[in-house]
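Visitor: Mind looking over this structure? Questions follow.
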Amino acid sequence: TNVTEERHKTDLESDMNRLRSQMEDCIEEVQRLEKRRKELLLEVLQLRGPREREIQGLREERAEEERKTWKVNLERQGLQDELRRLKRKLFAVARDCAQSQATLNNQRCDVELLKTEEEKLNSLVLQLTEESCQLRSNQQEQLLELEVELHRQSSGQTSNTQEDLTECRRNSCGDVQQYVQGGLKALEDRYEPILEALLKRKEAAAGALAKAKEQSQELRVQVKPLREEIQKLELERTCLEERLKLTYMQRQEDAVRHKEVVHFLEEKIREMRTELEIQKRKTKEMEELRENLTKQLLLYRTESASYAYKGKIFEELNSAAQINRESELRKQE
C-alpha cells in the first residue's frame with residue numbers, strides 16, 4: 015500500500031511538473047503571439063496611414079485630371095465652334111470672291127466685244143470715208159469731162175455769140191452743180207443715218223467701256239482685301255487645326271496617365287486587401303490559439319484540483335491506516 019501510494023505521489027508530481035511546464039510554454043507562446051499581434055497591428059497602422067494619404071493624393075490627382083479633361087473638352091468644343099464659324103465665313107468670302115471674279119470675267123468679255131465693235135465701226139468709217147473720197151474724185155472727173163466737152167463744143171461753133179457761150183457755161187455749171195448736189199444729197203440720205211447710228215453706238219460703247227473699266231478697277235480693289243481676308247482665314251484655320259490636334263494629343267496623354275493612375279490605385283487596393291486578409295487570418299489564428307490555451311488552462315486547473323483532492327484522500331487513508339496499526343500494536347502489547 016505504501017509503495018502504491020508513493021508511486022501515485024510520484025506520478026502525480028511528474029504529471030504536475032509536466033502540466034506546469036506545458037502551462038509555462040503556453041503562457042510564453044501566448045505572450046509571444048500577443049507581442050507579435052501588437053507588432054502586426056502597429057505595422058498595419060503604420061502602413062495604413064501612408065497608404066491612405068497616398069490614396070487621398072491619388073484621388074485628388076484623379077479629380078484634377080478629370081477637371082483638366084472637362085476643361086480640355088470645353089476648350090475643344092469652343093475651338094470646333096470657332097472653326098465652323100471660320101469655315102462659314104471662309105465659304106462666304108470665297109463665294110463673294112468667285113462672284114466678283116465671274117463679274118470681272120463677264121466685264122472683260124464685254125470689253126473685248128466693245129473693242130471688236132469699235133474696230134468694226136472704225137473700219138466702216140474708214141470705208142465710208144474712202145467711198146466719199148471716191149465719189150468726190152468721180153465728181154471731179156465728171157466735171158472735168160463736162161468742161162472738156164464744153165470747150166470742145168465752144169471751139170467747134172465759132173458763130174455763136176459770147177452770150178450763148180456764157181449761158182451754156184452757166185447751164186453746164188448749173189447741171190454739174192445740181193448733179194453733184196444730188197449725189198451728195200443721195201450720199202447723205204444713205205449714209206447719214208448709218209453714221210449717226212454708228213456714232214451713237216460708238217459713244218455707248220465708249221461709255222460702257224469706261225464704266226466697265228471703272229467697275230473692273232473697283233472689283234480689283236474689292237478683291238484685294240478679300241484675298242487678304244482669305245489668307246488670314248486660312249492661317250487662322252491652320253492654327254486652329256494645330257491647336258485642336260495638340261488638344262487631342264494632350265487629351266490622349268491625360269487619358270493614358272489617368273488609366274495608369276487608376277491601375278496603380280487598383281493594385282494598391284488589392285495589395286491592401288490582401289494584407290488585410292492576411293492580418294484577419296493571423297488574428298483568427300491567434301484567437302483560436304488563445305481559446306485552446308484557455309481550454310488547456312481550465313483543464314490543467316481541473317486536473318490540479320482533482321490531484322489535490324486525491325492526495326488529501328490518500329493522506330487521510332494513510333493517517334487512518336497508521337492509527338489502525340498503532341491500535342493493533344497496543345492490543346498486541
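Residues 15 to 347 (the numbering used here) make up the sequence shown, in order.
Note that beta-carbon positions come from the ideal geometry of N, C-alpha and C, so glycine has one too.
This structure is a prediction, so every number in the text was calculated from the model and none was measured.
(1) Report all residues from its chain with a CB closer than 7 Å to the CB of L47; omit the five preceding and five following residues, and keep chain order.
(2) Can you give me the C-alpha to C-alpha distance between E79 and F278, rounded to a whole angstrom?
(3) In chain order, what residues of the same chain have a beta carbon less than 8 Å from the beta carbon of L100, not counting five sequence neighbours either side?
(4) Are R76 and V275 touching if we call contact CB-CB under 7 Å?
(5) Express the C-alpha separation of R287 and Q60 in angstroms, rounding to a whole number.
(6) Tell me, please, whether the segment 83-100 touches the segment 257-274 by the rule of three or more beta-carbon pairs shorter than 8 Å.
(7) Pick from Q148, R81, R98 and I69: whose alpha carbon is nearest that of E281?
(8) Distance, Cα to Cα, G63 vs S35?
(9) Could you tell me whether the segment 141-156 touches the segment 262-276, using the rule of 3 or more Cβ pairs below 8 Å?
(10) Please classify R34: does DSSP put it in a helix, a strand, or coil?
(11) To the nearest angstrom, how far is it from the Cα of T130 to the Cα of R90?
(12) So, at 7 Å on beta carbons, what are the nonlocal neighbours of S173 in its own chain, with the 5 sequence-adjacent residues on each side left out?
(13) Using 8 Å for Cβ pairs, my map puts L9 next to I244. What's the rounded Cβ distance?
Guide: According to the data block:
(1) As a working note, residue 47 is residue 33 in the sequence shown. Cβ neighbours of L47 beyond the five flanking positions: M300 and L303.
(2) As a first step, residue 79 is located in the sequence shown; it is residue number 65 there, counting from the start. As a first step, residue 278 is located in the sequence shown; it is residue number 264 there, counting from the start. Each residue's Cα considered, the two are about 15 Å apart.
(3) Your numbering for residue 100 matches position 86 in the sequence shown. Taken in chain order, the residues that qualify are L247, E250, R251 and L254.
(4) Numbered from its first residue, the sequence shown carries residue 76 at position 62. Numbered from its first residue, the sequence shown carries residue 275 at position 261. Yes, the pair counts as a contact, with Cβ atoms nearer than the cut-off.
(5) Position 46 of the sequence shown, counted from the first residue, corresponds to residue 60. Position 273 of the sequence shown, counted from the first residue, corresponds to residue 287. Whole-angstrom Cα-Cα distance: 15 Å.
(6) Look at the beta carbons and you see the segment 83-100 touching the segment 257-274: at least three pairs across the two are nearer than 8 Å.
(7) The residue given as residue 281 occupies position 267 in the sequence shown. If we check each option's Cα against that of E281, I69 comes out closest.
(8) Numbered from 1 along the sequence shown, position 49 holds the residue referred to as residue 63. Numbered from 1 along the sequence shown, position 21 holds the residue referred to as residue 35. Approximately 42 Å between the Cα atoms of the pair.
(9) At 8 Å Cβ cutoff, the stretches do not touch.
(10) For the purposes of this step, residue 34 is taken as the residue at position 20 of the sequence shown. If DSSP states are grouped into helix, strand and coil, R34 belongs with the helices.
(11) Along the sequence shown, one-based indexing puts residue 130 at 116. Along the sequence shown, one-based indexing puts residue 90 at 76. Taking the straight line joining both Cα atoms gives about 58 Å.
(12) Here residue 173 refers to the residue found at position 159 when the sequence shown is read from its first residue. Residue placement at S173 cannot be trusted, given a pLDDT of 45 that sits under 50; what the coordinates show is reported in the next sentence. When the five nearest sequence neighbours on each side are left out, no beta carbon in the same chain lies closer than 7 Å to the beta carbon of S173.
(13) Within the shown structure, residues of the chain are numbered from 15 to 347, placing residue 9 beyond reach of any answer.
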